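Numbering (numbering that gives the first Met the number 0), first residue to last: 0 to 99.
Just so it is clear, CB atoms sit at the ideal spot from N, CA and C, and this is done for glycine as well.
A quick note: this is a predicted structure, and the numbers were derived from the prediction, not measured.
What follows is one structure encoded as structure tokens, with my remarks underneath.
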Amino acid sequence: MQSTSTSTSTTTTRRFVARWCGALITLGGLAATVGAFFLFGAVAAGVTALATTWFAWSGPSVVGTPTTATAAADPREVRRYRQAHPGTTISEAAAAVARR
């Protein structure tokens, strides 16, 4: 039987990895590009850079979803919304509360 703290820690880690996975892959691609240049030459580095650039432009956003300007939301309502919907960002919760 798992304790609540272990389960919460695992969930937090999964959210962190899911959110930053694209950024970590992009940074790894940049490092691979530099390594390919020194180990295999300009052609291999160019192919790696092209693949990394394609992933960075077509992959998921690291910053989050853009929101439109809305009326100011009550912070207590935003907090309640985030407690009821775990994993929701502050921006998403504020937009959802403002739409009500």
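Shown here, P85 sits in coil according to DSSP, grouped into three states, outside any helix or strand. A buried status is given to T51, since no fewer than 16 other beta-carbon atoms sit within 10 Å of its beta-carbon. In this structure A92 is in contact with R81, their Cβ atoms being roughly 5 Å apart against a cut-off of 8 Å. Annotated three-state conformation of R99 is coil, per DSSP. In the three-state DSSP reduction, G28 falls in the helix class (H, G or I). A Cβ-Cβ contact shorter than 9 Å links G28 with A55.
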